[in-house]
Amino acid sequence: MCLDFSRFYKGFYLFRPFFSQKKPGATELPATNKMNMREILPSRVMLLQLCFWICTPVISWAQLPALPSATPSYTVVLTGRWSPGQNPAAPLPLLQEQLKQAGEKSAVVFLGNPFQPARLPNISAPNRKEQEARLQTQLNYLQGYNGKIILMPGEHDANGQLVQEVRNQERYIAQYLQNEKLFLPENHCPGPSEVSLTDDVHLLLLDTQWLLPDRRIEDEEDQRGCPTTGGTATLAALDDVLRNNEEKNLLVALSISPEMKNLEHRLMHRQLAQMYAQHAGVLHVEGNSAALSHSSQDSIHYVGAGLGKGRLKLGKEPVSHFSQASAGFAKVLYYPNGETWLEIWTAADVQSAQGQVAHRALISRKPTQKQIEAQTKKLNLNFAGQKASLPASQVYKGSGFREWLLGENYRPEWQTPVSLPVFDIGTQNGGLKVVQRGGGFQTVSLRLEDSTGRQYVLRSVEKYPDAALPRILRQTLAADVVKDQISASHPYGALVVPALAGAVGVYHTNPKYFVIPDDPRFGRYLKGFANTIGMFEERPDEDMSDMASFGNSKNVVGTDKVLENTREDQNDEVDQLSVLRSRLLDFFVADWDRHDDQWRWAEFKKDGKGKLYKPIPRDRDQAFFVNQGVIPNIASRRWILPKVQGFDESLRDIKGFNFNNRYFDRYFLTELEREDWVAMADSVRAGLTDEAIEKAVRQLPQEIQQVSGARLANTLKARRAYIKRDAEDYYEFLAHKVDVVGTDQDERVEVLREPGGSTLVTMYKKGDEDSKNPLYRRRFIPNETREIRVYGLGGADDITVRGQSAEGIRVRVIGGEGQDKITDSSSVVGLRRFTYVYDNPSGAQLQLGPESRNLTRLRNTPVYDRRSFTYNYLGPLASVEYNRDDGLLLGGGVLLKTQGFQKQPYGMMQRLVGSYAFNTQSFLVDYAAHFPKLRMGLDVKVNVNFKSPGYSENFFGLGNETPYNPDIDIDYYRFRSAQLYGNVLLGRRLGKYETIFMGPAYQSVNVEQTPGRFLPDQLEGSDQFIGYDLPKAYAGARFEYVLDSRDLAALPAKGVYWQVAADLLKGVNQTSSDVARVHSQFAIYKTLRIPLKLTLATRFGGGHTFGDGFEFFQAQFLDGPTMLRGYRRNRFSGQSSFYNNTEARLRLFSFTTYLFPASLGVFGFHDVGRVWMDNDDSNKWHTGYGGGVWLSPLNQIVISLGMAASEEQSQFLVRAGFQF
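Per our numbering, residue 224 is the first one in the sequence shown, and the count goes up by one each step.
Structure follows, in structure tokens:
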């Protein structure tokens, strides 16, 4: 039996308890209100929901049921894979007709990119126009559609790599449809991307290629700006979004990767089903399915909306309601009464706009936000004029030890009760309604709207950083530390900034603080807000002409819009001096988190054509952030997290402090010279008078002023003295390498090398070179700037480099997609060339002189990416190891990485490590360097290994069955020597997995004569005995080849690793003979699920030393710890060697401790190997076997503990990582 819904609403007032309200002016939130409102929510809203769910069967009759008579409040059309000209053909006319009927309140979602050609050649390609015409034929069906278009990318990319031709196609589609935001998830990220279609419908989009086991965005997260990198992190983020929107109608759309295998698809569905189980009514739609289909399982609905390869079913079979292998699409209709209906449409004739509904079903009923609001309006609540006293938080109280370890921070400020007005949503700003939930990884926020359409933001003061952590870390010490560090941010700091901004002429929002009551008028959005302190402020957007703090701008836009407009229109520009003024204020208040989304932009019409944009900073959550305590202080070092240096009397490292702004500043501060920075610093400092600072601090609540107002004011006054210093230091950092970026229109760029060494860069509209207002003009100074990069972008650009100079700045000229003309007649004294030219050779007219390097023939022409900047890195290295022969081995060193143009993952890497072995009293130094694409596309590697005089190693003799007596002191088998080995190799990467290197090598060895040891006794009478203790030196060449397709080097689950290395060395002194050595190892990994994760790994290795007169230290060794477990280090040596290691690694389970999450497993192994020597008739193979346990903290590193046994001994094994 189903309850009568209309009667339920008519009788709703019967559930209303009586309550009274105190008069305005009360000092705290009325206790009766709290009690009654807590009763109202479960008794009314939840009962309303229960009523809906009782009445929600899945209805699907043989004859199609009738839809509700009302017009849908919103319609979503979802279509999967189809390709024009293929069978079945695309039902585009029918799709066009249905979108026309759906109208403005609708969306169409393409579950993968179905448009052909999937890859569009560069603009200069001869068949470009023909391919564009093919696309236009399909895209024309979407012309004139007024709803939202969403196209999910990724289907045509190769192994997750961004393919240029695919990007060309996507850019063309966006331009043709005049919609730059139709591709979601953005930046080809995994997702989930959220789209709030209505107050009641929440769309989530997921690109499943990033859920494949071996697919991650490696070393590209900063470039793409993706919040997750794939795998479990993406699924955890999806789970968070589902939880945060559980009251809404959730529509999850997936583009299914063609690379996804059936088993992987099943495992993905199993994980998703576990998440969906907590959210009744979720509608899951995916493309590339076996047929148009609809099934359900435990109130979760699955829809296939496209045609692709078939998929295996889940272990628990869903109930099938419909399945048909026809071309068509799915249509989801949301009605004002809370009902959600599904239709599946098919086209009888793909050339016709007529089609039929092949399936229709009622999916769910949920109360809408309007229905909930209608009921809460009857309560006649009013909190206007009331006050309440609350602390910002009560979770940051710390002991003396905690404060020593993590900092005193602003704990008193968070815990002090503050008297604030109570927020009344019904009367604030004339009455507000919630339009959507928002917030980042730490804050919870609501977007509110008044009766005129103006929007505001209500943001929680309390932070919830758990969402910023991977799910596996949320119940650990890491979560506690991250949560505790919220106390380092000032809970009321946002109140101080507006007065400071006003004093120096920076636009600003006007935040106010309120106590948010337990008010059912918030409806489903009340969760997380009731009885907390919130910050309320305007949302700068569109017409703000009545707001002086926003410059009375008639149009306020976001950063993305500014980037788009300034690229498309030469007449649009950013007021860089205003940006600089705002950024200097950021320095002053120690606001380190100023990324793109923290800015809005006031738009103004210029006197002539175009628009001028001035910045409006917002979200001042991190102003006055402090760094106190032992752990935060260590974390703020420049080699860890220099951006959190904290609010002190001065900044220690202005470069590291601005890490979060690295892309923003390198785009919006490129035209200003040193004099501009100095003058602006003086202006800002002059505005920050003592009076201005004290006035700003007085904006804090009185209770907080008494706690720390004076200290805050004194620190600000001290920081004022460093504004100019910080400005100049940061200017020099930005000036080192500068991007000069054109537009998609035609420009003329003149680069003039001046006699004194300076370089003047001027950019004009093409044909307007005589203008007194160029698009760009800046003089670069050689002791400030090392490199200028001029990007033409689109259009037919004319770029000229001219002039003569005694010293030069490197200029890189990167043409764009148009027919560019690039001329270089410049000259710089010296042999080096200072002009580098890049462009598509078929799309550029070149007139280059001797100063130019013509790089237009490169395989991949550089493309402008404003997110390409990466900081250089200089940091310490440390290591602690233990083994039976060396004992405790302590090491330390330094790692340096510097960045280069279009070089990944760095421009140069150098590593220097020194280690000391306490058992043998030996010292070892390793140096390694790598210079990618140093010359002619070749990489250079340098390796140096130095073993100090007295370095001790084992030697048990040459042969396969050399004796070892464990009763004799191991020192008897050791020899001491000084050794140096080095090489310089040139090579390159071959495809994705392979590298090849070769180059000169050098070796010197000086063995000490130590009487009474095994070495001289063993060698006596052999070729190796003669002169064994005399210095040896060799020079020659080394060759290296590596194929590495492992998914994760530390914890490989699949892939192959193959290495071949050869040294050809010639003796360079009388005591040294020629020698050649070759060694190779080949490992393969395969993982099975039975159902536990079992990884089988096997490795084959061996080598040979050529020449009869080789020295004993040039033999092929079988090393116990690394090749033949159960034996001593360097246990066997000979002219040839071979070994095999086989391991089974079983993961038992994953778990979470307070310190870290981890996986635990067991492993077993078997090793076998032997060596060969002339005149050695041994046929014996040495074996070792054993097993142990392994632990993988964070699933990133491995610690293994085990036991190995052989016929000679048993030994414990402790190591970081697996053996191979």
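Where is the CB? At the ideal position from N, CA and C, for every residue including glycine.
All of these numbers come straight from a predicted model, not from anything done at the bench.
Take His-818, set aside five residues on each side of it, and the residues of its chain with a beta-carbon closer than 7 Å to its own are Asn-883, Asn-884, Phe-887, in chain order. With distances taken between CA atoms, Ser-296 lies nearest to Trp-564 out of Ile-756, Ser-1200, Trp-564. Glu-636 is positioned such that its CB atom lies no closer than 9 Å to that of Gly-621. In the DSSP secondary-structure assignment, Arg-1025 is bridged to Leu-975. Under the rule that a run must span 3 or more residues, the beta strand (DSSP E) segments found entirely inside the stretch 387-445 read 416-419, 424-430. In the DSSP assignment, Arg-942 falls within the unbroken alpha helix (DSSP H) covering 933-942.
Per DSSP, His-959 lies in no alpha helix (DSSP H) and is assigned neither H nor E. A straight line joining the alpha-carbon of Ala-1284 with that of Phe-1340 spans about 15 Å. Taking a contact to require three or more Cβ pairs closer than 8 Å, the stretch 345-354 and the stretch 579-599 do not qualify as touching.
For Gly-833, the CB contacts under 6 Å within the same chain, skipping 5 residues up- and downstream, are Asn-794, Asp-795 in chain order. Under the three-state reduction of DSSP, Leu-458 is assigned to helix. The stretch 1083-1092 and the stretch 1412-1429 do not touch, with fewer than three beta-carbon pairs separated by less than 8 Å. Boundaries of the alpha helix (DSSP H) harbouring Asn-788: 782-791, taken from the DSSP string. Judged by DSSP secondary structure, Trp-1281 falls within the beta strand (DSSP E) whose first and last residues are 1278-1290.
DSSP places Gly-653 in the helix class (H, G or I) of the three-state scheme. Ranking Pro-838, Gly-1392, Gly-1411, Asn-1206 by CA distance to the CA of Ser-1227 puts Asn-1206 first.
Fully contained in the stretch 463-538 are the following alpha helix (DSSP H) runs of length 4 or more, in chain order: 485-499. With the rule of 3 Cβ pairs closer than 8 Å, the stretch 1321-1341 counts as touching the stretch 1296-1305. With fewer than 16 other Cβ atoms inside 10 Å of its own Cβ, Gly-1214 counts as exposed. By alpha-carbon distance to Gly-1349, the top candidate from Thr-1079, Asn-1363, Gly-1407 is Gly-1407. With the rule of 3 Cβ pairs closer than 8 Å, the stretch 1137-1147 does not count as touching the stretch 1120-1127. If only uninterrupted alpha helix (DSSP H) runs of at least 4 residues are considered, none is enclosed by the stretch 1113-1160. Fewer than three pairs of CB atoms, one per stretch, sit closer than 8 Å, so the stretch 515-528 makes no contact with the stretch 573-580. The beta carbon of Pro-1223 lies closer than 8 Å to those of Asn-1206, Val-1207, Ala-1258, Gly-1259, Ala-1260, Arg-1261 in the same chain, with the five residues before and after it left out. Spanning the alpha carbons of Val-1291 and Phe-1336 requires a straight line of approximately 17 Å.
Contact between the stretch 1192-1202 and the stretch 1150-1163 is absent: fewer than three C-beta pairs spanning the two stretches fall below 8 Å.
About 7 Å separates the beta carbons of Phe-1388 and Asn-1364, which is inside the 8 Å limit, making them a contact pair. In this chain, the alpha helix (DSSP H) harbouring Pro-721 covers 720-727. Remark: three or more beta-carbon pairs, one from each stretch, lie closer than 8 Å, so the stretch 1032-1051 and the stretch 1070-1090 are flagged as touching.
Contact between Arg-841 and Arg-823 holds: CB atoms are separated by about 6 Å, below the 8 Å threshold. In this structure, the straight-line span from the alpha carbon of Ala-1276 to that of Trp-1413 is close to 14 Å. Between the stretch 404-415 and the stretch 359-374 there are three or more inter-stretch CB-CB distances shorter than 8 Å, so the stretches are counted as touching. Annotated as proximal: Phe-848 and Asp-814, with beta-carbon spacing under 9 Å. Shown here for Ser-805: same chain residues with a beta carbon closer than 6 Å to its own, the five before and five after excluded, namely Val-729, Pro-838, Pro-840 in chain order. Taking 9 Å as the cut-off, the beta carbon of Gly-303 is found closer than this to the beta carbon of Gly-529. The stretch 699-713 makes no contact with the stretch 770-787; the number of CB pairs closer than 8 Å stays below 3.
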